[in-house]
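All letters in the sequence shown, in the order written, are residues 1 to 740 by the UniProt record's numbering. Input: a single structure, listed below in C-alpha cells.
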Amino acid sequence: MVDTNDLKFIEEQLGRKPNDVEIAMFENLWSEHCAYRSSKNLLKMFGRTVKENPNMIVGPGDDAAIIRLDKDICVAMAMESHNHPSYIDPYNGSATGVGGIIRDIISMNSKPIALLDALRFGDIKGNEKDKVKWLVDGVMSGIGDYGNRIGVPTVGGECEFDSSYDYNNLVNVVAIGLVHEDEIIEGKAKEEGLSIILVGDTGKDGIGGASFASKDLTSESEGDRPSVQIGDAFKEKKLIDATLEACKTGNVKAMKDLGAAGITSSCSEMCFSGGVGAELHLENVFLREQGMTPYEIMISESQERNLFAVKAGSEEELLSIFEKYELPCAVIGKTTDTKRLIAYHNDELVVDLPLELLCEAPLYDLPEKEDIKEKAEDTEKLEADAKTPKTKEEHNETLKTMLESPNICSKSNIYERYDHEVQLRTVVKPGKDAAALKVQDIYPMGVALTADCNSTFSKLNPYEAAKTLVCESVRNLATVGARPIGMLDNLNFGNPEKPERYWQLKKSIEGLTDAAEFLNVPVVGGNVSLYNETIIEGKDYPINPTPTISIIGKIKDIELIPNVLVKPKENDVLLLIGETKEEMGGSEYHKVIHNTEDGFIPKADLKKEMNTYNILVDLIENGLINEAVDLSRGGLAIALSKMVMNTDLGVDIAINSNLSNITNLYSESSGRILVAVTPEIMEYVISKFSSNEIFATKLGNLTAEKQLKVELNGQEIVNISSEEIKESYYNGFPKLMGEL
Numbered sequence: 001m002v003d004t005n006d007l008k009f010i011e012e013q014l015g016r017k018p019n020d021v022e023i024a025m026f027e028n029l030w031s032e033h034c035a036y037r038s039s040k041n042l043l044k045m046f047g048r049t050v051k052e053n054p055n056m057i058v059g060p061g062d063d064a065a066i067i068r069l070d071k072d073i074c075v076a077m078a079m080e081s082h083n084h085p086s087y088i089d090p091y092n093g094s095a096t097g098v099g100g101i102i103r104d105i106i107s108m109n110s111k112p113i114a115l116l117d118a119l120r121f122g123d124i125k126g127n128e129k130d131k132v133k134w135l136v137d138g139v140m141s142g143i144g145d146y147g148n149r150i151g152v153p154t155v156g157g158e159c160e161f162d163s164s165y166d167y168n169n170l171v172n173v174v175a176i177g178l179v180h181e182d183e184i185i186e187g188k189a190k191e192e193g194l195s196i197i198l199v200g201d202t203g204k205d206g207i208g209g210a211s212f213a214s215k216d217l218t219s220e221s222e223g224d225r226p227s228v229q230i231g232d233a234f235k236e237k238k239l240i241d242a243t244l245e246a247c248k249t250g251n252v253k254a255m256k257d258l259g260a261a262g263i264t265s266s267c268s269e270m271c272f273s274g275g276v277g278a279e280l281h282l283e284n285v286f287l288r289e290q291g292m293t294p295y296e297i298m299i300s301e302s303q304e305r306n307l308f309a310v311k312a313g314s315e316e317e318l319l320s321i322f323e324k325y326e327l328p329c330a331v332i333g334k335t336t337d338t339k340r341l342i343a344y345h346n347d348e349l350v351v352d353l354p355l356e357l358l359c360e361a362p363l364y365d366l367p368e369k370e371d372i373k374e375k376a377e378d379t380e381k382l383e384a385d386a387k388t389p390k391t392k393e394e395h396n397e398t399l400k401t402m403l404e405s406p407n408i409c410s411k412s413n414i415y416e417r418y419d420h421e422v423q424l425r426t427v428v429k430p431g432k433d434a435a436a437l438k439v440q441d442i443y444p445m446g447v448a449l450t451a452d453c454n455s456t457f458s459k460l461n462p463y464e465a466a467k468t469l470v471c472e473s474v475r476n477l478a479t480v481g482a483r484p485i486g487m488l489d490n491l492n493f494g495n496p497e498k499p500e501r502y503w504q505l506k507k508s509i510e511g512l513t514d515a516a517e518f519l520n521v522p523v524v525g526g527n528v529s530l531y532n533e534t535i536i537e538g539k540d541y542p543i544n545p546t547p548t549i550s551i552i553g554k555i556k557d558i559e560l561i562p563n564v565l566v567k568p569k570e571n572d573v574l575l576l577i578g579e580t581k582e583e584m585g586g587s588e589y590h591k592v593i594h595n596t597e598d599g600f601i602p603k604a605d606l607k608k609e610m611n612t613y614n615i616l617v618d619l620i621e622n623g624l625i626n627e628a629v630d631l632s633r634g635g636l637a638i639a640l641s642k643m644v645m646n647t648d649l650g651v652d653i654a655i656n657s658n659l660s661n662i663t664n665l666y667s668e669s670s671g672r673i674l675v676a677v678t679p680e681i682m683e684y685v686i687s688k689f690s691s692n693e694i695f696a697t698k699l700g701n702l703t704a705e706k707q708l709k710v711e712l713n714g715q716e717i718v719n720i721s722s723e724e725i726k727e728s729y730y731n732g733f734p735k736l737m738g739e740l
C-alpha cells in the first residue's frame, strides 16, 4: 500500500482522493524499484564522470545508453537486476531478467548481440547448501534456456558464493546491441497526436512486481510467487524481429519495454520524458484472461510486451507487421498535449493524473552511519595455524584447495549451458577475464565487456573496494586490448532505511565515481536494487554490499588479442606488472584456508592503474603481448595456474622478496597483470612500465614441461602438474554441486 504520508501528499496535489487504480499506480511508480527514492540524489555523483564526450549518443535515463564505436556504428548497453523474483522462482525469475534486458536493447532499435550475467548465491557448503544448489540450477537453466532460444549469446559473467546471500541470491544481467546512429529510436514521445500501440498480451502474472522488489524478503515471501513474471522465449524472439522490422518503416517515433509496473510505467515515462500526455482505452488491450480489471491491466508485468508511439496514419502498416509474427497488438491510445495520463475502460474514466506527480516521487533524505569492518589480521595466530602451508607438499595441496574453492573454480558447468557461439561473433569465450566480440561493419575493430564485483571487499571498506573494482574491470578489458568507453552499474544493497546500509551505498557510489572519473570511464546507466535483506524470526540477514559493474570497451584489432592469433610459446618470459603488497584482508586465501576476513583490503593507486592499462593496451595493439592474465581473486598463484591452463605449457618462476610466501602467492593487491612476451622484447616492455614508475618484474618463463614451479628466495615451494591444476580447477564446481 501507499505510505500514509505519501497518500496525504498525493491527495493535496490532486485536490481529491485517488481511486484504487490510481493508488496502485502510485504504489508501483513511487516504489524504490521504480523511483529510486533512496538513491537518486546519490546517483547524481555519477554525473561527474560524463564529461564532454562526442561519442555518447544517449546517456543515462533511457532504456539503454548508446555510445558510438566507429563511423555510424553504435553500441547500446544496459544492465538490470531480477533479484527477488529469482529467489522465489529461480527459473522464471532469471529467465525474465534476460527477457527484460533484451527488450531494453531492442527498444532503442538496436539488435542485441551479447549477454553477460553476474550471479550471487549463498554458501554452497553451508547450512543452506541444498537450497543454494537448487537456486543455482534454476538460475542457470532459466538464463540458458531463454538466451539460447532468442538467439543471443551469453558470452561470460561472474559468480560469487557467500553466506550473506543465503536468503537473497542476486541475478544481474548485462546486454549490448548494435545500431546505426541515424536509426536510433529513444523512449521519448515528443509529439501530440501519435498513436500508441501495445504489442503483446496482458495477463495477471507479475502484478505488483515493482512494489514486491522494494521491500525486504521474509519467511512468508514464498507467497509472493504470483509477483514473479512468466517468460516465453519464443515469443520474445518474434518480438525482437518484429520490432526491428517495424522500425525500418520510419514510422516509430518512440518505444518502451514494458517492465516494472507495466503500462503504468512505460506509458508514463515515454510521455513525461517527451513533454506530452496520453489518453488510453484499456478495453483495447489484448488480455490473456477475460475479466481483468483496470487495476490489473495497468500494473501487470506480463513479459514480451513493448509500447510504441507511432505516426498517425501508419497504424495499419505497423499492426500488419506485428500480426505477421503472430503477436497480439492493438492501438490503445494516443499522445496528447495535456501532460496528464488519462485512461478509460469501456468509456468509464479510471485514471486522470498529472504525469509530473506520477513520475517525480518525493525523494528520501536518509540518515547514515559509518560501518568500516576492515581490521588488521593477527599474523602470529595465522602463522601458527596448522593450515598455513610450510612444506612444498603443503603448498601444493593449498593451491589445489584454492583452485577448487567456490569463488575461484571454473564455472564452465554454468556457461556451457549457454550458447556463446550463436551469431558467430564471439572471439574470446567465457572463462577469461573479459569477453570479446567482432563487429563485422567495423572489422577488425571489436567490443569487449566484463562484469565484476568483490562483495567481501565491499563489506570491509566500501569506498576503497569500489575504487579497486573499477580498476579491476578496466584491467580485465586491457588483457584483451580494449579501452573502456562506458560503464554500467548494478547497485545491490540491503535496507537503505538502516543507517549502516545507506552509508555503504553512499560510499560505494563515491568510490565508483572517483575511480571512473579519474580513469575517464563515463558511467552511462545502470540499476539500483535495494532491500536485499531477509527477516527470519526477527533477525536481519542483509547481503554484502554488492556494487556490480560492467564496463564495455573498444578493441582496435581483434586479431591482436593475446592468445587468439598471437600465441604464447615455450621460453616466453613471464613479467609481473605492478607491486605486490601486504594486503590480505578479505582475500580468498584468508577465507578458504583460515575462515577469516581480517586484514587490510587492496587500495588502488589510480594514476598507476591508468598508466598500467594504457601501456598494456598500447603493447597489445602493437602485437607485443602473447598472453595476459589479470591478478584478482587468489592472487599470483591463481594467475600462474591460469597461465598454465591458457597456454597449455608449463611455468617456471623464481621470486626474491621480503614478503612472506603466502603474501607473494595469495595477496590480491590491485594494479597487477601477468604477461607473457618474447625474450627479445622483454627489456623494452619492462622499460615502458618502469619509465612510468610501474613495477615490471621478470618472474621466469613458459616451459615445455607441463608443471607449475615456484621458487621463493631460493626455495622451491610449489611444484605441481598442469593435470593436477586442471583437475582441481574444472572439477571443483561439479563437486560442489554434488555431480562428482
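Glycine included, each C-beta is placed from N, C-alpha and C at the ideal position.
- Judged by pairs of C-beta atoms under 8 Å, the region 529–549 does not touch the region 616–634, as fewer than three such pairs exist.
- Apart from the 5 residues on each side of it in sequence, Asn172 sits with its Cβ closer than 6 Å to the Cβ of Ser81, Ala118, Asn490 and Thr548 in its chain, given in chain order.
- Ala451 and Ile73 have their C-alpha atoms some 23 Å from each other.
- The region 174–182 makes no contact with the region 256–274; the number of CB pairs closer than 8 Å stays below 3.
- Within the same chain, and ignoring the five residues on either side of Gly193 in sequence, the residues whose Cβ sits closer than 7 Å to its Cβ are Ala312, Lys334 and Thr335.
- Three or more Cβ pairs drawn from the region 630–638 and the region 467–484 lie within less than 8 Å of each other, which places the two stretches in contact.
- Nearest Cα to Lys253 within the set Ser314, Ile297 and His281: Ser314.
- With fewer than three CB-CB distances shorter than 8 Å, the region 493–509 does not count as touching the region 573–580.
- Its Cα nearest to that of Gly15, the residue Asp352 stands out among Arg48, Asn28, Lys581 and Asp352.
- A residue is called buried once 16 or more other Cβ atoms fall within 10 Å of its Cβ, and Phe733 is buried on that count.
- Of the residues assessed, Tyr165 falls on the buried side of the cut-off, its CB having 16 or more other CB atoms within 10 angstroms.
- With fewer than three CB-CB distances shorter than 8 Å, the region 60–71 does not count as touching the region 290–306.
- The beta-bridge partner set that DSSP reports for Val331 consists of Ile197.
- Residue pairing for Tyr167: DSSP places it in no beta bridge.
- Residue environment analysis places Arg48 among the exposed positions, since fewer than 16 neighbouring C-beta atoms fall within 10 angstroms of its C-beta.
- Contact between Leu640 and Val651 holds, with the beta-carbon distance rounding to 5 Å and staying under 8 Å.
- Partner residues in a beta bridge of Tyr146, as assigned by DSSP, do not exist.
- Contact between Gly231 and Thr426 does not hold, since the beta-carbon distance rounds to 24 Å and is not under 8 Å.
- Counting C-beta pairs with one atom in each stretch, the region 142–152 and the region 87–102 have three or more that are closer than 8 Å, which means they touch.
- Taking the Cα positions, Met108 is about 13 Å away from Leu258.
- Non-local C-beta neighbours of Tyr36 in its own chain, meaning closer than 6 Å and more than five positions away in sequence, comprise Val528, ordered along the chain.
- Gly446 is bridged by DSSP to Lys438 and Ile555.
- Counting along the chain, Asp20 sits inside no beta strand (DSSP E); it lies in the alpha helix (DSSP H) bounded by residues Asp20 to Leu29.
- Every beta strand (DSSP E) stretch that sits fully inside the region 474–503 and reaches 3 residues is listed by chain position as 482–492.
- Between the C-alpha atoms of Leu366 and Leu665 there is a straight-line separation of about 43 Å.
- Under DSSP, Gly206 shares a beta bridge with no residue.
- Sequence-distant partners of Gly586 (beyond 5 residues in either direction) whose C-beta falls short of 6 Å from its own C-beta, in its chain, are Thr456, Phe457, Leu460, Glu597 and Ile601.
- Per DSSP, the unbroken beta strand (DSSP E) holding Arg120 starts and ends at Lys111 to Phe121.
- Here Ile509 is buried: its Cβ has 16 or more other Cβ atoms, across all protein chains shown, within 10 Å.
- Distance between Tyr463 and Lys507, taken at the CA atoms: about 5 Å.
- One alpha carbon belongs to Arg103, the other to Met77, and they sit about 11 Å apart.
- Its Cα nearest to that of Ala604, the residue Ser670 stands out among Ile655, Ser670, Ile615 and Asn571.
- Assignment of Tyr344 by DSSP, reduced to helix, strand and coil, places it in the strand class.
- Under the DSSP definition of a beta bridge, Asp572 lacks any partner.
- Separation of the CB atoms of Lys204 and Glu289 is rounded to 6 Å, and the pair is thereby assigned contact status at 8 Å.
- Distance check between Ile185 and each of Asp241, Lys133, Lys248 and Leu42 places Lys248 closest, using alpha-carbon atoms only.
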